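In what follows, a structure is listed as structure tokens, so that the remarks can point back to it.
Number of protein chains: 2
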Amino acid sequence: MKTGGNPTINDVARLAGVSKKTVSRVINRSPLLSDETRLRVETVIGELGYTPNPQARGLALRRNFLIGLIHDNPNSQMVLGVQQGILEAIRETEFALVVRPVDRGSPAMLDDVRHFLERQRLFGVLLLPPISENDELARLCESLGCRYVRMGSAKLDDDHHSVASNDAEAVTEATRYLIEQGHRRIGLVTGPHGFRSAMERRAGFEEALAEAGIKLPRGLVANGDYRFDSGVEAGNRLLDQVPMPTAIFASNDEMAAGVLHAARQRNLAVPQDLSVIGFDDTEIAGHVWPPLTTVRWPITSMARSAALKLLAGTLDDDNGIEEPSLFLSKLIRRSSVARPQPE
Amino acid sequence: MKTGGNPTINDVARLAGVSKKTVSRVINRSPLLSDETRLRVETVIGELGYTPNPQARGLALRRNFLIGLIHDNPNSQMVLGVQQGILEAIRETEFALVVRPVDRGSPAMLDDVRHFLERQRLFGVLLLPPISENDELARLCESLGCRYVRMGSAKLDDDHHSVASNDAEAVTEATRYLIEQGHRRIGLVTGPHGFRSAMERRAGFEEALAEAGIKLPRGLVANGDYRFDSGVEAGNRLLDQVPMPTAIFASNDEMAAGVLHAARQRNLAVPQDLSVIGFDDTEIAGHVWPPLTTVRWPITSMARSAALKLLAGTLDDDNGIEEPSLFLSKLIRRSSVARPQPE
DNA sequence: TTGTAGGCGTTATCAG
DNA sequence: CTGATAACGCCTACAA
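As they're listed, the protein sequences go chains A and B.
With UniProt numbering as the guide, the letters of the first sequence map in order to residues 1 to 343.
With UniProt numbering as the guide, the letters of the second sequence map in order to residues 1 to 343.
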């Protein structure tokens, strides 16, 4: 073993008294090898602490063992949950995860991604919402020969390229719950214009109202942008209505927290005076007062599946093709919902 | 240009009518090149959309262009802030960031990291607190020939290998603020045992009390573990004391939110009945009620510096060596602190 | 079952 | 200033 550098396949071959190719066969678990040789080589590998060089391996195989996560930081917990899911999928493999936040707003976004993809030659990328909703981005990946899987609030692509949650249905369920509790004047805080998730959640909300034959007056819809401040603002607009809504569904937890804030500022008690439901079940949901009833979607499992899907066909024990494409969310009932006060 | 693959240096060389080496010189900005040749080659590069293959490059240079982030998810916002800082540092370089969460509790942690490092042959790694406080981990990196920079709440290593905030001083300042407001019975919610940051913050707290000649009774110290629930619990223990503390410093925001929760459950108004200060200035600080006075440390800048330090000597315009090693935190005053009620 | 020759795309050496 | 030639560490084809 040379000092200063890691041992190479040559070192192993020499010490084991075999050719490089034989060592290569051992590494790649080739079936045509005598047990004796294999054992001998494996022993040397163990003694040397040899690990194949991924760069050389990648070069020879004309492949890359990096998978990318492209996101536009929708919210840090979500990003980290996704990272965790991906890492569960690639654990024990030779793949590594490289992260790449981008700026959705920037006109240079596509060029940035192109640059990144061309430079790093990733095996493939995972696209997080909301940037995953960008069809141009997906086409760009495709044209660059980079595999991709998109995560989303609804099916964004064919099953090989997407993994989705059922936001609309989940919100319908959440809203039904409000209705069952006796609420009739229910406000909606939407997500930002143009976001698929925002559309889905709104559609789910309206669906439940329609089922129950409840009309949704204009004044009970307030636009938000998924950020806390917009939740406060939307909450204020909604609570200014006369009569006031008895319940509000906010399209994510941060905005729901903002609604709580607005209610608090008016000395409205939640849930006595106002019921609130959020979406995402991020950490904040459990930490605000009162703990927020919300919709949880299985972000980590989704990400794991997305990663396995991306890797389909490349892993030893391969279930990638079988990975589900739809994941169900569920309502988490905490303390921010109650029956409305009798009028 | 061959179809199906990216153009290579050979394609460029052939089309430009020069040798591979010359192209290589252009790529690497060698000074000894005629402007004419350079221009011709650059034109072809542009036409072809050629980008050097990082794997081949890494192989030839016996280097790797990946830097790793090893963390034990202390809190998702912090991790994302760090990722952002690192990315600012490596933007426009050929480096990429690979993330690697580890499990601090697991006995296999060091082996996992060793495995990861041996396998990926990273250029270097950034170590986040609290895992960065583990000296064995640093030694492991060193022994594997992997550069590292540790981030921490206090200087953890020499200036080439560490970047720190001044937690102790920042907490002293925060506590002084409480004292200036007239508080004398101030409770402390500590961080988990054995964490450097927890020690620093506690020390800073005690320092301010000592300065003011205030004694800290046993009953006014409650142990937490940086998680929300432990904050609720610690808050309850503290608020059970007679006389009750008029202010509480919690060693991070999550626990401070927990204290708010506990106060809320007892119908104590913050800040009228109880003042609260947190630490970190994570998102939650601004989203709870009332908005939390807290200590903000410049996590993103720290991470950027840490990354530049790691890269010191490898970048074109190199300021890595000059990167600061100490970063100052500051008190963010919001609404969770007021003067105590007259008795 | 194993080895040899050659190539993956890049850079270093050293001669022109 | 430029270009052969030989690495870098691994893999595929083809032989043996």
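Note that beta-carbon positions come from the ideal geometry of N, C-alpha and C, so glycine has one too.
All of these numbers come straight from a predicted model, not from anything done at the bench.
*beta strand (DSSP E) segments (min. 3 residues) lying fully within the stretch 134–192 of chain A*: 147–152, 162–165, 186–190
*asked:* Checking the sheet assignment: what are the DSSP bridge partners for B:Thr43?
replied: Taking the first residue of the second sequence as position 1, residue 43 of chain B is located at position 43. BP columns for B:Thr43 are empty, so no partner.
*Name the chain B residues that come within less than 9 Å of A:Glu94, Cβ to Cβ?*
Locating residue 94 of chain A in the first sequence gives position 94, counting from the first residue. Result: Arg119, Gln120.
*Give a yes or no on whether the minimum CB-CB distance between A:Thr22 and chain B is below 9 Å.*
To locate residue 22 of chain A, count along the first sequence from 1; it is residue 22. It does not: the Cβ of A:Thr22 has no partner Cβ on chain B nearer than 9 Å.
*Provide the residue(s) that pair with A:Ala96 in DSSP beta bridges, ordered along the chain.*
Translated into the one-based positions of the first sequence, residue 96 of chain A becomes position 96. According to DSSP, which records beta bridges pairwise, A:Ala96 is partnered with A:Leu66.
*Measure from the alpha carbon of A:Glu254 to the alpha carbon of each residue in B:Val259, B:His287, B:Ser230, then state which is nearest.*
As a position in the first sequence, residue 254 of chain A is number 254, starting the count at 1. Among B:Val259, B:His287, B:Ser230, the Cα nearest to that of A:Glu254 is on B:His287.
*Alpha carbon of A:Lys20 to alpha carbon of A:Pro7, nearest angstrom*: Stepping through the first sequence from its first residue, residue 20 of chain A is reached at position 20. Stepping through the first sequence from its first residue, residue 7 of chain A is reached at position 7. A:Lys20 and A:Pro7: Cα-Cα distance of roughly 13 Å.
*In the structure shown, what three-state DSSP assignment does B:Phe205 receive?*
As a working mapping, residue 205 of chain B is identified with position 205 in the second sequence. In this structure, B:Phe205 counts as helix in the three-state DSSP scheme.
*Per-residue DSSP class, three states only, for B:Ile277*: Looking up residue 277 of chain B in the second sequence gives position 277. If DSSP states are grouped into helix, strand and coil, B:Ile277 belongs with the strands.
*Under the three-state reduction of DSSP, which class applies to B:Val125: helix, strand or coil?*
On the second sequence, position 125 is the one that residue 125 of chain B refers to. If DSSP states are grouped into helix, strand and coil, B:Val125 belongs with the strands.
_Proximal residues to A:Pro74 (C-beta, below 8 Å), its chain only, five neighbours per side dropped_ = The sequence position of residue 74 of chain A within the first sequence is 74, counting from 1. Closer than 8 Å at the Cβ level, and outside the excluded window around A:Pro74, lie Leu128, Pro129, Pro130, Tyr226.
*Can B:Ala247 and B:Arg334 be called in contact, C-beta distance under 9 Å?*
Residue numbering aside, residue 247 of chain B sits at position 247 when the second sequence is read from its first letter. Residue numbering aside, residue 334 of chain B sits at position 334 when the second sequence is read from its first letter. No; because the gap between Cβ atoms is not below 9 Å, this pair is not in contact.
_As assigned by DSSP and simplified to three states, the class of B:Pro54_ = Along the second sequence, read from residue 1 onward, the residue named residue 54 of chain B stands at position 54. In this structure, B:Pro54 counts as helix in the three-state DSSP scheme.
_Which residues of the UniProt domain "HTH lacI-type" (7–61) of chain A have a Cβ closer than 8 Å to any Cβ of chain B? Give them in chain order._
Gly49, Thr51, Asn53, Pro54, Gln55, Ala56, Gly58, Leu59
*asked:* By the DSSP assignment, the beta strand (DSSP E) with B:Arg296 in it spans what residues?
replied: Mapped onto the second sequence, residue 296 of chain B falls at position 296. Unbroken beta strand (DSSP E) run through B:Arg296: 294–296.
*How about A:Ala303 and A:Glu323: do their beta carbons lie closer than 9 Å?*
As a working note, residue 303 of chain A is residue 303 in the first sequence. As a working note, residue 323 of chain A is residue 323 in the first sequence. Cβ atoms of A:Ala303 and A:Glu323: not closer than 9 Å.
_Would A:Leu80 pass as an interface residue toward chain B - the criterion being a Cβ-Cβ separation below 9 Å?_
The residue given as residue 80 of chain A occupies position 80 in the first sequence. By this cut-off, A:Leu80 is an interface position.
*Using a Cβ-Cβ cut-off of 9 Å, state whether A:Gly258 counts as contacting chain B.*
Residue mapping note: residue 258 of chain A aligns to position 258 of the first sequence, counting from 1. Yes - at least one Cβ of chain B is within 9 Å of the one on A:Gly258.
*Given a threshold of 16 other Cβ atoms within 10 Å of its Cβ, counted over all protein chains shown, does B:Gly124 qualify as buried or as exposed?*
In the second sequence, counting from the first residue as 1, residue 124 of chain B sits at position 124. So B:Gly124 ends up on the buried side.
*Given a cut-off of 9 Å, decide if B:Leu66 and residue 373 of chain B are closer than it, judged by their beta-carbon atoms.*
Chain B is shown only over 1 to 343; residue 373 of chain B falls outside these bounds and no answer can be derived.
*Would a check of beta-carbon distances place residue 345 of chain A closer than 9 Å to chain B?*
Nothing about residue 345 of chain A can be read from this structure; chain A reaches only from 1 to 343.
*asked:* Check whether chain B comes within 9 Å of residue 350 of chain A, counting only Cβ atoms and requiring the distance to be less than that.
replied: Residue 350 of chain A is absent from the model: chain A starts at 1 and stops at 343.
*Can you find at least 3 beta carbon pairs, one from the stretch 97–115 of chain A and one from the stretch 46–58 of chain A, that sit closer than 8 Å?*
no
*asked:* So with CB distances below 9 Å, who are the chain B contacts of A:His183?
replied: In the first sequence, the residue the question calls residue 183 of chain A occupies position 183. Result: empty, since nearest Cβ-Cβ is about 23 Å, beyond 9 Å.
_With a threshold of 6 Å on Cβ separation, who are the neighbours of A:Gln77 within its own chain once the five nearest residues in sequence on each side are excluded?_
For the purposes of this step, residue 77 of chain A is taken as the residue at position 77 of the first sequence. Cβ neighbours of A:Gln77 beyond the five flanking positions: Thr282, Glu283.
*Output, in chain order, the set of chain A residues within a Cβ distance shorter than 9 Å of B:Val98.*
Here residue 98 of chain B refers to the residue found at position 98 when the second sequence is read from its first residue. Residues of chain A passing the Cβ test: Leu66, Ala96, Leu97, Val98, Val99.
*Measuring only between beta-carbons, confirm whether B:Lys2 sits less than 9 Å from chain A.*
Counting from 1 along the second sequence, the entry for residue 2 of chain B is found at position 2. Residue confidence is low: B:Lys2 scores 39 on pLDDT, short of 50, so the model does not pin down where it sits. Its coordinate-derived value is still stated next. It does not; no Cβ of chain A falls within 9 Å.
_Cross-strand partners of residue 345 of chain A (DSSP beta bridge)_ = What the structure shows of chain A is the stretch from 1 to 343, and residue 345 of chain A is not part of that stretch, so it cannot be assessed.
*Distance, A:Leu87 Cα to A:Arg40 Cα*: Along the first sequence, read from residue 1 onward, the residue named residue 40 of chain A stands at position 40. Along the first sequence, read from residue 1 onward, the residue named residue 87 of chain A stands at position 87. Going from the Cα of A:Arg40 to the Cα of A:Leu87 covers about 33 Å.
*Can you name the residues of chain B whose CB is closer than 7 Å to the CB of A:Ser76?*
Counting from one through the first sequence, the residue named residue 76 of chain A turns up at place 76. The answer, in chain order, is Ser76, Gln77, Leu80.
_Neighbourhood of residue 409 of chain A by C-beta, 7 Å cutoff - its chain only, sequence neighbours within 5 removed_ = Because residue 409 of chain A is not part of the residues shown, which for chain A are 1 to 343, the question remains open.
_Report the start-end ranges of each beta strand (DSSP E) in the stretch 216–268 of chain A that is 3 residues or longer and not cut off at the edges._
221–223, 247–250
*asked:* Does the stretch 113–121 of chain B come into contact with the stretch 109–123 of chain A, if we say contact requires no fewer than three beta-carbon pairs (one atom in each stretch) closer than 8 Å?
replied: no
*What does A:Arg264 reach in chain B if we use C-beta pairs closer than 9 Å?*
By one-based count along the first sequence, residue 264 of chain A stands at place 264. By Cβ distance, chain B contributes Trp289, Pro290.
*asked:* Can you give me the C-alpha to C-alpha distance between B:Thr3 and A:Leu144, rounded to a whole angstrom?
replied: For this step, residue 3 of chain B is matched to residue 3 along the second sequence. For this step, residue 144 of chain A is matched to residue 144 along the first sequence. The predicted position of B:Thr3 is uncertain, since its pLDDT is 43 and thus under 50; a value taken from the coordinates is nonetheless stated next. Cα to Cα, B:Thr3 sits roughly 12 Å from A:Leu144.
*Span of the alpha helix (DSSP H), counted from its first residue to its last, around A:Leu33*: Locating residue 33 of chain A in the first sequence gives position 33, where the first residue counts as 1. Neither: A:Leu33 is in no alpha helix (DSSP H) and is coded neither H nor E.
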